[in-house]
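Asker:
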Amino acid sequence: MNIQKPHLIFSVVLAALLSFSVAEAQLSETDQACLGCHQMDQSIKFGSGETLSIKVNANDIEKSVHRIIGCSTCHGFTADNHPQRSYKSKKEFSSLSARKCMQCHDTKKNKIHEKLIRESATTTTCTDCHGSHNVRRVRELAKGNQYCLTCHSKELEVHYKDGHRERAMVDEAALNKSVHKNLSCVDCHVMVSPEDHPVRQFQNKRDFSMVMAENCRRCHFDKYSRTLEGIHFKLLTQGNAKAPICSDCHGTHAIASARKDKLANAQRCEQCHKDIYAIYAKSVHGAALINENIEDVPICSDCHKAHDNAGPHTANFRISVPQICAGCHAKKEIMQKYGLSTKVVDTYLQDFHGVTMKFYKQFGQTDKQIAVCIDCHGVHNIVRVKNQSAAVVKQHLLKRCQKCHTDATANFPDSWVSHYEPNIKKAPMVYLVDLGYKIFIPFMIIGLLLQIVLHLWRYAVNR
Amino acid sequence: MYTANREYIKRFGPGRIIEHWLNAGVFVLLVITGLAQKFHGYDISQWIILLFGGIDTTRVVHRYSGIALGILTFQHILVASFGILFSRWQPSMIIHLKDFRDAVDNIRYYLGLSEHPARCDRYDYKQKFEYWGVVIGGMLMVATGLALWFPTVVTRLLPGQLIPVAKALHTNEALLAFLVIVTWHIYNAIFSPEVLPLDTVIFTGKISRERMVHEHPLEYERITGIKLPPHHEGHAAAEEAGTPSS
Chain E
0 MNIQKPHLIF SVVLAALLSF SVAEAQLSET DQACLGCHQM DQSIKFGSGE
50 TLSIKVNAND IEKSVHRIIG CSTCHGFTAD NHPQRSYKSK KEFSSLSARK
100 CMQCHDTKKN KIHEKLIRES ATTTTCTDCH GSHNVRRVRE LAKGNQYCLT
150 CHSKELEVHY KDGHRERAMV DEAALNKSVH KNLSCVDCHV MVSPEDHPVR
200 QFQNKRDFSM VMAENCRRCH FDKYSRTLEG IHFKLLTQGN AKAPICSDCH
250 GTHAIASARK DKLANAQRCE QCHKDIYAIY AKSVHGAALI NENIEDVPIC
300 SDCHKAHDNA GPHTANFRIS VPQICAGCHA KKEIMQKYGL STKVVDTYLQ
350 DFHGVTMKFY KQFGQTDKQI AVCIDCHGVH NIVRVKNQSA AVVKQHLLKR
400 CQKCHTDATA NFPDSWVSHY EPNIKKAPMV YLVDLGYKIF IPFMIIGLLL
450 QIVLHLWRYA VNR
Chain D
0 MYTANREYIK RFGPGRIIEH WLNAGVFVLL VITGLAQKFH GYDISQWIIL
50 LFGGIDTTRV VHRYSGIALG ILTFQHILVA SFGILFSRWQ PSMIIHLKDF
100 RDAVDNIRYY LGLSEHPARC DRYDYKQKFE YWGVVIGGML MVATGLALWF
150 PTVVTRLLPG QLIPVAKALH TNEALLAFLV IVTWHIYNAI FSPEVLPLDT
200 VIFTGKISRE RMVHEHPLEY ERITGIKLPP HHEGHAAAEE AGTPSS
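Residue numbers (numbering that gives the first Met the number 0), protein chains in the order written: chain E, 0 to 462; chain D, 0 to 245.
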């Protein structure tokens, strides 16, 4: 909608420039006199030791909007009056030179200019963005993101009310690597545009980040609406500003796909959940990710979910645990890589605990407690059961059993045939009883049915 | 006390009639609440469990029905033992060699290899088979059920592997009992053309003379003293000659 206007202005300016350059390509005699010396390769030295070339490219001046005002308007020198001056540094030189701009240009019209000059006139100068001899409107110098980067690639600072200062510089390389590289700055920074850059004051950086994160939902509404169910959003609404917002996990200018790098993703959570991450890092899952870079293992968000993370202390979360674990442990294509059985989920679901859990879930009795995967295997500290001696496993298991079966004794853990279908080796007695009945029941029932048929037949014959 | 001109003969007293009612009721409850757990994946099971108010209440009903079955079985054994030992009851439920011969004879008769069915006494071999199935199966179910109810108590002294074994026994034996009852018992008590629409003896306590003569000829002869026409070839009729019941 606003695209047409700058275009129009730009074309008019361009047309005017072209017509001028045809008609009056020549500079005034006075200016020619200046260039007489300043077209030679010379430089001046500042007190700081910096040097600056004082060679002026005539071509730059001829193309600039300032070609008609003459060198002396800005520099104050004439061919007759050219006093020797010395400056401490390049920056001092350019900031003092920039004061001349204000003779003609009303800096108060543009609020961001006014603020820059007021707060950091010595560090940020007009020429930083607009150029000197080739002075242009920034809009003519750059388009799109480059327009913003004209200033924001420079050493700028933003000041917050709490006194904190921060660089407002944007790393262009990081921006171009991000998933948002094809977006414009103004797609996220909705309050500003090439026409208008209001000065906004935020109490602190967190306030600014929170306001900015509101803009993510303009595109990612699905994710946003899921966060409404999440514990982090709940904490935010309760006034906890430390609770994470979009940019805390996804980053800002260097925003990257969260799925690409699982370890980096998990480490985002570590920022706040250090203790848990340390436990996770030692678990079979965490160690595989961190030490072996195996990405099949779950990271925080695989179990807890990213956006609609309702928190693990809800009854609904507990009861959904078997389903979460089944997400990987029932998948052959993942499990066979590591020689793990996919029967673990079914054997659980067919057992006392699993059946009970299923009915609690089905009838919405989520307030009731029954053992799910994590009660025996642990949560963040899940370890490998294979390679460990049966006695150690049993000893650990007993402690876990005792959480619910408080009167359980040493023999008790054996009453769980573990995640095996009973077979002659693992649970011979169970296997033989099952086998016996598998043969005996059909034998018995078929026999009785045959007798019934015979009886009926005899009865029919007798009549 | 038998009198010759009656059409019906008394077979069961109120004790046995009530016992059957109770056993049947408890059995139905146990089967409904138990099989719904065994076959928990089916819609009907889920409907039943919901009807009972969830898995926990279903289990509570199942367990207390199990206790009722235990009490019924226990008192039956006690009453029968005392009756036999002190009241001179006839141990008519004891399985004899003759019962196996009767089974073979009956099948020969069904197949047309023999002219007449087996001649049975107070309880025929089918009834004895069912009776012992209920008594022994009941004890097995009660024992394994208690082990599943109190696994921590059992494993205090016994190995832990017994719990899954108890579960295997309990669940398989339950299925067997259920299938035997729905095929064999329901056929014999309802659908058999000889009793259709219902064998009322266990409810009324009396049996018709006609059925008595037909199904329990040896007992009929013994208590009436009437010698039935000798249509029984093969084995000796007087094998089980006992004293008439008073």
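For glycine and all other residues, C-beta sits at the position ideal for the given N, C-alpha and C.
Mind listing which residues of the segment 401-423 of chain E have their C-beta closer than 9 Å to chain D's C-betas, in chain order?
Answerer: Those would be H404, T405, D406, A407, T408, A409, N410, F411, P412, D413, S414, W415, V416, P421, in chain order.
Asker: Using only the alpha-carbon positions, how far apart do A176 (chain D) and S44 (chain D) sit?
Answerer: The alpha-carbon atoms of A176 (chain D) and S44 (chain D) are separated by roughly 18 Å.
Asker: At a Cβ cut of 8 Å, what residues of the segment 57-75 of chain D count as close to chain E, listed as they run along the chain?
Answerer: Within the segment 57-75 of chain D, no residue qualifies.
Asker: Determine the chain E residues that contact Y109 (chain D) at a beta-carbon separation under 8 Å, and present them in chain order.
Answerer: Within chain E, the residues near Y109 (chain D) are Q450, L453, H454, W456, R457.
Asker: With H, G and I counted as helix, E and B as strand and the rest as coil, what does DSSP make of K393 (chain E)?
Answerer: In the structure shown, K393 (chain E) sits in a helix (DSSP, three-state: H, G or I).
Asker: CA-CA distance, K385 (chain E) and K97 (chain D)?
Answerer: Distance between the alpha carbons of K385 (chain E) and K97 (chain D): 58 Å.
Asker: Could you spell out where the alpha helix (DSSP H) holding E165 (chain E) opens and where it closes?
Answerer: Premise fails: E165 (chain E) lies in the beta strand (DSSP E), 164-166, not in any alpha helix (DSSP H).
Asker: Can you find the residues in the same chain that come closer than 7 Å, C-beta to C-beta, to C375 (chain E), ignoring five residues on each side of it along the sequence?
Answerer: Once the five neighbours on either side are set aside, the close Cβ partners of C375 (chain E) are L396, R399.
Asker: Buried or exposed: V169 (chain E), going by 16 or more other Cβ atoms within 10 Å of its Cβ?
Answerer: Label assigned to V169 (chain E): buried.
Asker: For R15 (chain D), I'd like the list of residues in its chain whose CB is within less than 8 Å of its CB, leaving aside the five on either flank, ordered along the chain.
Answerer: Closer than 8 Å at Cβ, skipping near neighbours: I201, G204.
Asker: Would DSSP call K425 (chain E) helix, strand or coil?
Answerer: Correct three-state label for K425 (chain E): coil.
Asker: Since D301 (chain E) contacts G229 (chain E) with CB under 8 Å, what's their CB separation in whole angstroms?
Answerer: The Cβ separation is near 15 Å, so there is no contact.
Asker: Could you list the residues in the segment 174-208 of chain D with a C-beta less than 8 Å from some C-beta on chain E, going in chain order?
Answerer: Answer in chain order: L174, L175, L178, V179, T182, W183, Y186, S191, P192, E193.
Asker: From P441 (chain E) to Y359 (chain E), what does the alpha carbon distance come to, in whole angstroms?
Answerer: Going by the C-alpha atoms only, they are around 34 Å apart.
Asker: For S414 (chain E), is the classification buried or exposed, using 16 other Cβ atoms within 10 angstroms of its Cβ as the cut-off for buried?
Answerer: Buried: at least 16 other Cβ atoms inside 10 Å.
Asker: On a CA-only basis, which of D:V181, D:E193, D:A102, D:A23 is nearest S113 (chain D)? Give me that one, please.
Answerer: Checked all of D:V181, D:E193, D:A102, D:A23; the closest Cα to S113 (chain D) is D:A102.
Asker: Quick one: which unbroken beta strand (DSSP E) runs of 3-plus residues sit fully inside the segment 317-350 of chain E? Chain order, please.
Answerer: Entirely contained in the segment 317-350 of chain E, not one beta strand (DSSP E) run reaches 3 residues.
Asker: Applying the 10 Å Cβ sphere with the 16-neighbour rule, what's the burial state of T121 (chain E)?
Answerer: Exposed is the call here.
Asker: Roughly how far, in whole angstroms, is the beta-carbon of Y124 (chain D) from the beta-carbon of H454 (chain E), given that I think they are within contact range, below 8 Å?
Answerer: So it is not a contact: roughly 13 Å between Cβ atoms.
Asker: In the DSSP assignment, find the alpha helix (DSSP H) that holds Y279 (chain E) and state where it starts and stops.
Answerer: Unbroken alpha helix (DSSP H) run through Y279 (chain E): 273-281.
Asker: Could you work out which residue in D:V134, D:G224, D:R118 is closest to R210 (chain D) when comparing CA atoms only?
Answerer: The shortest C-alpha separation from R210 (chain D) is found at D:R118.
Asker: Which one or two residues does DSSP pair with K205 (chain D) in a beta bridge?
Answerer: Looking at the DSSP assignment, K205 (chain D) forms a beta bridge with D:K9.
Asker: With distance defined between alpha-carbon atoms, name the residue in E:R457, E:V134, E:K176 nearest to A255 (chain E).
Answerer: Ranking the options by Cα distance to A255 (chain E), first place goes to E:K176.
Asker: DSSP on I43 (chain E), reduced to helix/strand/coil?
Answerer: Three-state DSSP puts I43 (chain E) in a strand.
Asker: Looking only at its own chain, which residues have a Cβ that is under 7 Å from the Cβ of H234 (chain D), when we skip the five neighbours before and after it?
Answerer: Its pLDDT being 33, under 50, H234 (chain D) is placed unreliably by the model, and the measurement read from it follows with that caveat. Correct list, in chain order: R100.
Asker: When you check each C-beta in the segment 355-379 of chain E against every C-beta of chain D, which residues fall closer than 8 Å?
Answerer: Here the close residues are T355, K357, F358, Y359, Q361, F362, Q364, K367.
Asker: DSSP three-state call for S63 (chain E): helix, strand or coil?
Answerer: Here S63 (chain E) sits in coil by DSSP.
Asker: For my contact list, F466 (chain E) and T151 (chain D) are in at a C-beta cut-off of 8 Å; report their separation, rounded to the angstrom.
Answerer: This structure leaves residue 466 (chain E) out entirely; chain E is present only between 0 and 462.
Asker: Quick one: what's T405 (chain E) bridged to in DSSP?
Answerer: Bridge partners of T405 (chain E): none, in fact.
Asker: Hey, does Y159 (chain E) have any beta-carbon neighbour from chain D nearer than 7 Å?
Answerer: No, its Cβ sits nowhere closer than 7 Å to a Cβ of chain D.
Asker: Using 10 angstroms around the beta-carbon of T313 (chain E), count the other beta-carbons present and answer buried if the total reaches 16, otherwise exposed.
Answerer: Its Cβ having fewer than 16 others within 10 Å, T313 (chain E) is exposed.
Asker: Put V157 (chain E) into one of helix, strand or coil per three-state DSSP.
Answerer: Residue state, collapsed to three classes: strand.
Asker: Which stretch, first to last residue, makes up the alpha helix (DSSP H) that contains T126 (chain E)?
Answerer: 125-129 is the span of the alpha helix (DSSP H), which, as asked, contains T126 (chain E).
Asker: Is the distance from the Cβ of A212 (chain E) to the Cβ of S183 (chain E) below 7 Å?
Answerer: Contact: no.
Asker: Can you look up T50 (chain E) in the DSSP assignment and give me helix, strand or coil?
Answerer: In this structure, T50 (chain E) counts as strand in the three-state DSSP scheme.
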